[in-house]
Every structure is written in structure tokens, then in C-alpha cells.
Amino acid sequence: MNRLQHRDFLKETDFTPEDLTYLLDLAANLKQAKKVRREPKFLRDRNIVILFEKDSTRTRCSFEVAAYDQGANITYLGPSGSQMGKKESLADTARVLSRFYDGIEYRGFGQERVEALAEHSSVPVWNGLTNEWHPTQLLADMLTMRECCPKPLNRQTMAYLGDARYNMGNSLMVGSALLGLDFRSVAPKALWTSDEVYEVACQIASKTGARISRTESVEDGVRGCDFLSTDVWVSMGEPDDVWKERIELLTPYRITEETMRQTGNDDCKFLHCLPSFHNRSTAMGEEIFQRFGIDCMEVNDDVFESPRNMAFEEAENRLHTIKAVMVATLADEPLVFEENIA
Ligand code: CP
Ligand code: NVA
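The sequence shown begins at 1 in the numbering used here and counts up one residue at a time.
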């Protein structure tokens, strides 16, 4: 039986370091096999459904392309057009969809929603982002870090600057704890990762050798880092009236060339799960920049348009890591690759 066969993929705290490393290795093999056009199809004729109560580009396209690459069929259900959550409970939706499909992806609001789907589903359920966790993004980030830093993950140092109470702040902290990193969560105290998540991460770190910290000081947080990471300042589903306060709180935490210099590491790279507000080039960016009279949010163009930016490698790795999650949890044959694909 494959290591994670029949398992759900809901949040990092459900997994061991070995599980995550197994998924990263599998993603690296799938990526390489696709590159040389010798990708084995482990999911032929499987049926996948992806449920999105929030918007998506990368996650949706990754699930769809991964399914096509692996020979599976896929159905997309968006925020409207199905009975889910309105006329039909998540529990009933899960029981119905389990009769049609071999795997269910869900992106939406509270973590309890994806947990409810999983509880009532007889097939694996994968979390494509909730308010609290973004575990498929964590895998893509760690694969990218493995690829573009010569040190192993357990010798790498990363700082996350931004709203640390939300999905990316939580997933990066617990994922880093599992994989043995030196991880610094850098934010004003009002936006710190909850004590609950921090304590879980510290407990994991005491076994893996990771170092997990929270600090308000950008200078202390970024010193010596191999990677600086950030996220949008206002996440999907948050009310519009939080922008003013968030901008005031987070402006000192934006990532500029100066922040990069403060790391003291010329090779330090930039990560961002995307989408990002690095300039005014989107309708929403233009509106926010104008409304608040600012010219930069979480990262500026100097960093975003520089060779330090690994966000597009990270975006590509969403495909390979999401494919690994689907293959690991669904495939019922041994995951054998042709020799010499490297
Ligand atoms: N990073 C990420 O989840 O992107 P999407 O919202 O486009 O899926
Ligand atoms: N924190 C962001 C992540 C987007 C991928 C959000 O939830 O909107």
C-alpha cells in the first residue's frame, strides 16, 4: 500500500515529517518525469471533483492540469450553481459526491467546513485553502526552497512578514517546524500567529530540531535568512473595512530592497504564494493604492521584478505538489518511475 493511500490532506498538523518529505520527493519525481515526457499515469479513469467557494487561478489550474496529466477526469463546481452549502449541507454533499468521485478538493472559508466534508466522505478530501490553512501551498513552497537553495531544508532559514494569523502564516510555521527549518514569523503583535498554533509548532520543533519564533522586529527576524516570504495584507473573504488598519500595521513589514539587504545574505530569495499587490497593475491594486495614497504593499516592484523572486517557480510547483497529493492518496498501484529520468 502506498504511504498516504486513502488519507485526507487537510492541514499540516495531521502529518509527520516523513509524510511531507515523501510528498516532496514524489512531486520532484513527477516534475522530472513530466519534463522528459515520461510521466506515468497513476490515476487513469479516476474521477475528481474540485469545489471552490472562493476564487482561484493556481490551485484550480493545478488540480485540473494534474488530473489531465495523470489520466483522470475532473469536474469544477464554483461558488454558485450547485446545492452545496445552501440547500444541501456539507455532510450530505460529501455523501453524494463520494458516490460519484474518487477524490474531493475543497477551497473555502472556515477549516471546519473541509473537516466536515472529510468526516462524511468515503473518499480522500484535499484542502485547497481555508481561512486557517493552505497545505498544498506549503508543499509548493518547500519544494521551491529545496530546489533553489543549496542547503537542505533543515539548515535553511525563512522569515514570513505579514499577517501571521491567517492560512499562510499558520501553514508556513507548522510546515517549517515539521521539516526542521529556522522559521521567524515577523509581524506586529496584533497580527501574530495564535498562541495555539505557535505552541503546536514549538512542540513539533522540539522533536525535529526546528527553530520557531515570533518577533515584531524586522531587523532581528530577517537577519541571515535564505528566504523572505509574504502574502497579501487582506485575505479573501475579509471585510473591506480592515484595509486602513492593516496598511497602518503592516507598512513597516513590506519587503523592499532594503529589507533584502538587512538579511545580510546576497543570495536571499523572495517567495510569495500569489496573487500579489506589487504594483497598481490590477483594478483592485489601483483602487487600494489610490484610496490610501500608497505606492507599495507587501512587496515592491524592485524586489518582485528582480532575479531574487522565486514566486513563479513556486507557482509552477503548485502543479507538481498537488499532483503528488492526488497520486499519493488515490493511486492503488506501486508508484514506480522509469529509470534514468533524471
Ligand atoms: N496561491 C494560490 O493559492 O493561488 P490561487 O488563489 O490563484 O489558487
Ligand atoms: N492569504 C491569502 C492566500 C491566497 C492564496 C488568502 O487567503 O486570500
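Note that CB positions come from ideal geometry on N, CA and C, so glycine has one too.
- Of the other Cβ atoms in all chains shown, 16 or more fall within 10 Å of the Cβ of PHE183; this residue is therefore buried.
- For PHE292, the closest C-alpha among the options LEU335, PHE337, ASP241, SER276 is that of ASP241.
- Taken in chain order, the whole alpha helix (DSSP H) runs of length 4 or more contained in the stretch 145 to 222 are 167 to 179, 195 to 208, 218 to 222.
- With respect to ALA328, LEU26 sits close: the two C-beta atoms are nearer than 8 angstroms.
- Listed by position along the chain, the residues with Cβ atoms less than 7 angstroms from a non-hydrogen atom of the ligand CP are ASP55, SER56, THR57, ARG58, THR59, ARG60, LEU129, HIS134, GLN137, CYS273, LEU274, PRO275, ARG318.
- By the neighbour-count criterion, in which a residue is buried when 16 or more other Cβ atoms sit within 10 angstroms of its Cβ, ARG308 is buried.
- The beta carbon of GLU216 sits closer than 8 angstroms to those of VAL186, ALA187, PRO188, LYS189, all from its chain and outside the five residues before and after it, given in chain order.
- Less than 8 angstroms divides the Cβ of LEU319 from the Cβ of SER62.
- Assigned with DSSP and collapsed to three states, LYS54 falls in coil, not helix or strand.
- In the structure shown, GLY224 adopts coil according to DSSP, grouped into three states.
- Between the ligand NVA and the CB of MET284, the shortest heavy atom gap is not smaller than 7 angstroms.
- Of all C-beta pairs linking the stretch 32 to 50 to the stretch 71 to 79, three or more are shorter than 8 angstroms, placing the two stretches in contact.
- A distance below 8 angstroms between beta-carbons, with the five flanking residues on each side excluded, links GLU286 to the following residues of its chain, in chain order: ARG280.
- Per DSSP, GLU287 is one residue of the alpha helix (DSSP H) stretching across 283 to 292.
- When only Cα atoms are considered, PRO17 and GLN290 end up about 45 angstroms apart.
- Rounded to whole angstroms, the separation of the alpha carbons of GLY162 and TYR198 is 16 angstroms.
- Distances taken from the Cβ of MET168 to the heavy atoms of the ligand NVA include one shorter than 7 angstroms.
- Taking one beta carbon from each stretch, the stretch 53 to 60 and the stretch 75 to 92 have 3 or more pairs nearer than 8 angstroms; the two touch.
- When GLU238, THR230, HIS272, ASP266 are compared, the shortest CA-CA separation from TYR253 is found for THR230.
- Within the DSSP bridge table, the entry for TRP126 names PHE9, GLU105 as partners.
- Counting C-beta pairs with one atom in each stretch, the stretch 97 to 112 and the stretch 137 to 155 have fewer than three that are closer than 8 angstroms, which means they do not touch.
- With a 10 Å radius around the Cβ and a threshold of 16 neighbouring Cβ atoms, GLU119 comes out exposed.
- Within its own chain, the residues whose Cβ lies closer than 7 angstroms to the Cβ of ILE255, once the five positions on either side in sequence are excluded, are LEU161, LEU228, THR230, PHE270, GLU298, VAL299, VAL303, listed in chain order.
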